[in-house]
Amino acid sequence: MSLFWRIFLLNAAVLVAAGALLLLGPITVSAPVVLTEAVILACGITLMLGANALLLRLGLAPLQRVTRAMATIDLLHPRPRPEVGGHGEIADLIETFNSMLDRLEAERATSSARALSAQEGERRRVAQELHDEVGQTLTAVLLELKRVTGHAPEPLRGELAHVQEITRGSLDEIRRIARRLRPGVLEELGLVSALTALTTETPTPGGLTIRRRWEKDLPELGEEAELVVYRIAQECLTNTVRHARASLLELSLRRSPDGVELRIRDDGRGIGDAPEGAGLRGMRERALLIGARLTLSSGTAGGTDVRLDVPVRNGLD
1 MSLFWRIFLL
11 NAAVLVAAGA
21 LLLLGPITVS
31 APVVLTEAVI
41 LACGITLMLG
51 ANALLLRLGL
61 APLQRVTRAM
71 ATIDLLHPRP
81 RPEVGGHGEI
91 ADLIETFNSM
101 LDRLEAERAT
111 SSARALSAQE
121 GERRRVAQEL
131 HDEVGQTLTA
141 VLLELKRVTG
151 HAPEPLRGEL
161 AHVQEITRGS
171 LDEIRRIARR
181 LRPGVLEELG
191 LVSALTALTT
201 ETPTPGGLTI
211 RRRWEKDLPE
221 LGEEAELVVY
231 RIAQECLTNT
241 VRHARASLLE
251 LSLRRSPDGV
261 ELRIRDDGRG
271 IGDAPEGAGL
281 RGMRERALLI
291 GARLTLSSGT
301 AGGTDVRLDV
311 PVRNGLD
């Protein structure tokens, strides 16, 4: 039955009941209306309106639930779905809304996969060019400086040696940037070795201590999931070094009931009321891409607590 006919029949039932009471009951209306009759009519109208409001409230309750779901749903993690209830158009509306969320989730996953794949491809290209073009050029400059230094007069050798050190430092920095853009150790040695290299090679301010804890015999993740875990850890580590003013950073990777849990905690300033930036949105989209759940909260003793739960699709064995 459509929503229109449900409301119409509810109102008709209330009016018919009121008319039957007037026809069959002892109540009459005289002219002019006396005070007692006016009070009885006012009470009757009030009861009719109250019954009508109650019946409409019960009939439209599922519509109010789906309205609240529409207003509060998290589009980056749109589960659980609103429960289908009611009749007619209301049930159809909830089913249509759930179908729209399913399509939105699928389209977002597809578009995120394409965007992240293009981003990783561009990072690999830039890293390759830095290594092959800029790195080789700086290597040639170092060799030439070494040759010139051997034939230069004594007063210039010190200055040329200083230029060599600057060039060598620039070459090391370019290689470090290339490794961050394209974590070759992730492909060659696995996730734990890549995270260890990440925490070791990332420049940290004085006073920041990094503690690592890796569990043994972790369930195997796919290449895509390992890359997502690495990038999220990289983003968290970068944010902590640049903005948190923390003295301690704890990074752990352990087995969870459904798969693997990555946890990153620091004792810095915390997130406070700062709006969600592009970095955090990118982390959420990466997590959504592999069906993982990202939780960001304040630590018990201040700072920031980031948790990534990565499911293993084929079980833990």
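Numbering (UniProt numbering), first residue to last: 1 to 317.
Think of the CB as a built atom: it goes at the ideal place given N, C-alpha and C, for glycine as much as any other residue.
- Closest in C-alpha terms to Q128, from the list I177, E107, E89 and A152, comes I177.
- Fewer than three Cβ pairs drawn from the region 150–162 and the region 189–202 lie within less than 8 Å of each other, which leaves the two stretches out of contact.
- Counting C-beta pairs closer than 8 Å gives fewer than three between the region 109–116 and the region 132–140, which falls short of the contact rule.
- The distance from the Cβ of I271 to that of L296 is about 7 Å, consistent with a contact at the 8 Å cut-off.
- Annotated three-state conformation of E220 is coil, per DSSP.
- Nearest to L294 by C-alpha distance, out of D266, D267 and L262, is L262.
- Burial check for V66: the Cβ neighbour count within 10 Å reaches 16 or more, so the residue is buried.
- Residues of the same chain with their beta carbon placed closer than 8 Å to that of S99 are lacking, with the five preceding and five following residues left out of the count.
- The region 182–189 and the region 210–219 do not touch, with fewer than three beta-carbon pairs separated by less than 8 Å.
- Taking a C-beta distance under 8 Å as the contact criterion, R213 and S247 do not qualify as a contact pair.
- Straight-line measurement puts the Cα of G135 at about 12 Å from the Cα of G169.
- Within the region 108–182, the runs of alpha helix (DSSP H) that reach at least 4 residues and sit entirely inside it are, in chain order, 135–151 and 154–181.
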